[in-house]
Structures are given as structure tokens and as C-alpha cells.
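*Asks:* My questions all concern the structure below.
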Amino acid sequence: MGEVVSMLKRLLSIILILIIGYWIAQGLANVPFGEDRMLVGKYYLQHVKEQTGAVNAVTAVVVNYRGFDTLGEVTVLFIASTGVAALLWRKRRERTAKTEGSLVLTTGSKLLFPFIMLFGMYIFIHGHLTPGGGFPGGATIATGFLLMYLAFIVYEIPHRGFEVTEGLAGMSYVLVGLIGLAIGGYFLFDWIWQTWHFGTSNLGRLFSGGFIPVIYTLIGIKVGTELSGIIDNMLKEEVKE
Amino acid sequence: MTEASRVSRYLYTFIVVLIIWLFLTASLDPQELIVGIIFSAIVAGFTYDIFTTRGLSNLHPRRIAYAIIYIPYFLWAMIKANLDVAYRVLHPKRPINPGIVECKTELKNEVGKLALANSITLTPGTITLDIDGDRYFIHWIDVKDSSIEGASEHITKPFEKFLKVIFE
């Protein structure tokens, strides 16, 4: 009896998914492919250089034109990390892994760690010039810490320092936005580019892009420490006193 | 093996990381250089403690020269070994005689052991399974000599003579 019911359930969900899929495909069929349909996009592409100083239009949209979204995303990440910490909160939590990695793994991780960190920093500082930015850069740095956690049974990040850095980076992001409010009249106004004209002669080189590199550095630090904190929380187990 | 001073270890990490930065950016624009120096200093500050135990003595000219010679030597061994495996795959009788052998190494340094293990694995026909002290356990596609001395002669010795200079 139970088998028939589960078979029926599976059949029904397959039919339902097929109907939804057909429905979405019908909707998409009406959108012309390969035709110029840019309305706002054209404005971004034509004005991105003189308005923001960024060569990478995506970062300009994410940090400058639509800065609130990024601030929201950073908040979401912060809540996720706080939520994980709150869910897994115990008095004494320790790493209880038993098997140390082999020599090849541990030595290799030690050697790779600085390069991963450097590459993460490279990604977030070049956010306005190359693909990437604060989030991929921060995630790359956190990968380095994950590698250390997986290779060594006793490795732990310096908690206090990480939590303070995370908070400071988040606050500085808001502060940069508030300075814009004071100077230019609205939150997240790009004062470095619009008021100071810093880097206007450097378009396409590193010292350009207004406050994008500043904000992406802050986001990179924040995301890196945050994800490392989540990893740390998830890898620890409760220990009986 | 004694540990080098903190300053020497920090400087060594800084130099290596900065060289990697130069390759990453592929430009000598002063702006990139300034940021690269700052970032390398930060990364080195965080990681020098685990990155190196010997510090600047890694940069001895003799070591660097051997490391540069080792690269083509190793690539040649890799090409030869890959052709050998291709021959074994394509041969109708598949002349394989697999087995796990034990080798001894004279290397003491951990990084040297890692380099040896990777060199063995990257030359097809041999795969390092595990390292325990100075003993290597290696899976060999065509066991010619299963004794410890004999296997070391075939597998580890050719690389060791370079790695000993580079890492010891």
C-alpha cells in the first residue's frame, strides 16, 4: 500500500514539474533572443566611465548605481554568519577531528595558503578593472582558511580578531556611504570620484574607480572573515565537560 | 634543523609573495607595485609563521640554480614516462605488472618530501600512496625490483640528487 502511494506521489510531482517547465518555456519563447533590448543597460554602458571611473561595468552597477543592493547582500551574509553562530552556540566547542592529514596534504596546504590569500586580495582590489570583486575575493580568502581547517586537526582562526575585523569592515562600508551623504546629498554618493576627482587621469589603471576599490576591499575583508567564521562554527563539535 | 630568525622568515615570505604578485598582474605600473608591496607585506605578516622554517637561506644561489635545472629535467622525465604509459595502454598484451613497493628517502625537509612525492606521482607509472617518516609507499605499474634498495634506485634516486641540494 505504502509503495503505491509513494509511486503516485513521485508521478504527480513529475507531472507537476513538467507542467511548470512547459509554462516557463512558453513565457521565455516570447522574449526575442539576440535582439537589442537594452533600455537602462545602454545608459550604464555609455556613462560608466565618466560617472564612476570603473572599466568593469558590472562592479560599477553593483557598487555605484545599485549600491543599496550590495549593502543588503552584505547584511544577508552577516545575518547568515550570526545565525549559524547562534544555532550552534554551546558553552564549550572544540575541534574533535581525529586523523591528521598526510604529510603531502599538510605541507602542501602550508605552502599554498599565502598564495590563496594573495590571490583573494588580487581579486578584490582589481574589482573595477577585471571580473570579480569583493565577494569572490573574500570567498577565495575563506577557502584558504578552509584548507587549513581540513588539513590540520588543531588549526583555529583567531576568533576575537576575526569578529572585530568583520564588524569594523561592515561599519566602514556604512561610514563611506554616510560620508557620501554628507558631501553629495545621498547615501553611497561616490565622493572620491565625483567630488575629489581622484584618479580621473588614471582610467583603466589601479588608482581609479572612485570608491569601488575601497568598498570592495572592505567587502573582501568582511566576506573573508565571515565565511571563515561560519566554517569554524560548523567544524566544531560540542565537548562534554 | 634549526629555525631561521623571524625577520629572515618574514622577508623570504614577502619576497616569494611579491614575485607571485608580479606574475599575477604582469605589469610594472608603479600603482600596481605600491599595492603589491603593501599586500605582500600583509600576507607575509599573516602567513610567514607556517610558510617557511628556513627563511632567506632558501634563496641561496646554488639552490636556485639547481631548482631551475630541475624543471627541464623533471619535464623530460614526465614526457618519457607519459609515452611509456601510452605504449602500455596501446600494446595489445598490456605489459603491466602492478604492485606496491616501499622506498627509502634521504630527504629530511618536509617541503623536500612533498616535492619528491609530487615528482613521483607526476611521472606516470608511479603514484605515491603514503609517506611515513623516511619511507615512501609507491604504487608501481611495472614492478622491476620489489626490494627497498632496488625500488629506491629506480624511483626516488633520480629526483633525490636534485631535491637534496634544493631543499636540504
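Order-wise, the sequence lines are chains A and B.
1 is the number of the first residue of the first sequence in full-length UniProt numbering; add one for each residue after it.
1 is the number of the first residue of the second sequence in full-length UniProt numbering; add one for each residue after it.
Idealized CB from N, CA, C, for every residue including glycine.
1) Which residues in chain A sit within 9 Å of residue 17 of chain B, going by Cβ to Cβ distance?
2) Look at residue 10 of chain B and residue 48 of chain B and say whether their C-beta atoms are less than 7 Å apart.
3) Near residue 63 of chain B, what residues of its chain come up, given a Cβ to Cβ distance below 7 Å and the 5 sequence neighbours on each side ignored?
4) With a threshold of 16 other CB atoms inside 10 Å of the CB of residue 72 of chain A, please say whether the residue is buried or exposed.
5) Can you grab the Cα-Cα spacing for the pair residue 96 of chain B / residue 78 of chain B, in whole Å?
6) For residue 4 of chain A, count the other beta carbons within 10 Å of its own beta carbon; 16 or more makes it buried, fewer makes it exposed. Which is it?
7) Given this structure, state the Cα-to-Cα distance separating residue 127 of chain A from residue 133 of chain B, to the nearest angstrom.
8) Is it true that the region 179-190 of chain A meets the region 75-84 of chain A, where meeting means three or more beta-carbon pairs spaced less than 8 Å apart?
9) Once the 5 residues before and after residue 117 of chain A are set aside, which same chain residues still bring their CB inside 7 Å of it?
10) Cα-Cα, which of B:106, B:23, B:117, B:3 is closest to residue 102 of chain A?
11) Counting only beta-carbon separations shorter than 7 Å, does residue 47 of chain B have a partner in chain A?
12) If you draw a straight line from the alpha carbon of residue 313 of chain A to that of residue 6 of chain A, how long is it in whole angstroms?
13) For chain B, is any of its Cβ atoms less than 7 Å away from the one on residue 149 of chain A?
14) Once you ignore the five residues that flank residue 15 of chain B on each side, which residues in its own chain have a CB closer than 6 Å to its CB?
15) Per DSSP, what kind of secondary structure is residue 143 of chain B in: helix, strand or coil?
16) Quick one: which chain A residues come within Cβ less than 7 Å of residue 108 of chain B?
17) In whole angstroms, what is the alpha-carbon distance linking residue 126 of chain B and residue 154 of chain B?
18) For residue 149 of chain B and residue 157 of chain B, I'd like the C-alpha separation in whole angstroms.
19) In angstroms, rounded to a whole number, what distance separates the CA positions of residue 112 of chain B and residue 207 of chain A?
20) Give every residue of the same chain whose Cβ lies closer than 6 Å to the Cβ of residue 170 of chain A, excluding the five residues on either side of it in the sequence, and list them in chain order.
21) From what residue to what residue does the beta strand (DSSP E) around residue 102 of chain B run?
22) If contact is defined by three or more beta carbon pairs under 8 Å, each pair taking one atom from either stretch, is the region 91-108 of chain B in contact with the region 134-146 of chain B?
23) Which full runs of the alpha helix (DSSP H) of 4+ residues lie inside the region 18-90 of chain B, going along the chain?
24) Could you give the DSSP three-state label for residue 238 of chain A: helix, strand or coil?
25) Which residues in the same chain as residue 174 of chain A place their Cβ atom closer than 8 Å to its Cβ, once the five residues preceding and following it in sequence are excluded?
26) Within 10 Å of its beta-carbon, does residue 58 of chain B have 16 or more other beta-carbons around it, so buried, or fewer, so exposed?
27) Any C-beta of chain B within less than 9 Å: which residues of the region 5-32 of chain A qualify?
28) What residues of chain B sit near residue 221 of chain A, judged by a beta carbon separation below 8 Å?
29) Using only CA atoms, which one of A:11, A:220, A:215, A:67 lies nearest to residue 120 of chain A?
30) Excluding the 5 residues flanking residue 162 of chain A on each side, which residues of the same chain have their C-beta closer than 7 Å to its C-beta?
31) I need the straight-line Cα distance from residue 111 of chain A to residue 33 of chain B, nearest angstrom please.
32) Near residue 1 of chain B, which residues of its chain fall below 6 Å by C-beta distance, leaving aside the five closest residues on each side in sequence?
33) Which first and last residues belong to the beta strand (DSSP E) in which residue 166 of chain B is found?
34) Closer than 7 Å, CB to CB, is residue 122 of chain A near chain B or not?
35) Which residue comes first and which comes last in the alpha helix (DSSP H) that contains residue 39 of chain A?
36) For residue 160 of chain B, count the other beta carbons within 10 Å of its own beta carbon; 16 or more makes it buried, fewer makes it exposed. Which is it?
*Replies:* Checking against the coordinates, here is how it stands:
1) 114, 115, 117, 118
2) yes
3) 165, 166
4) exposed
5) 19 Å
6) exposed
7) 45 Å
8) no
9) 141, 144
10) B:117
11) yes
12) With chain A covering only 1 through 241, there is no way to say anything about residue 313 of chain A.
13) no
14) none
15) coil
16) Within 7 Å Cβ-Cβ: nothing; residue 108 of chain B doesn't reach chain A, min ~12 Å.
17) 11 Å
18) 10 Å
19) 41 Å
20) 222
21) 99-104
22) yes
23) 30-51, 61-90
24) strand
25) 71
26) buried
27) none
28) Residues of chain B passing the Cβ test: none, with the nearest at roughly 10 Å.
29) A:220
30) 225, 228, 229
31) 23 Å
32) In this prediction, residue 1 of chain B scores a pLDDT of 49, lower than 50, which makes its location untrustworthy; the coordinate-derived value is nonetheless stated afterwards. Around residue 1 of chain B: no qualifying Cβ.
33) Looking at the DSSP string, residue 166 of chain B is not in any beta strand (DSSP E); the run it does join, the alpha helix (DSSP H), is 157-167.
34) yes
35) Premise fails: residue 39 of chain A is in no alpha helix (DSSP H) and is neither H nor E.
36) buried
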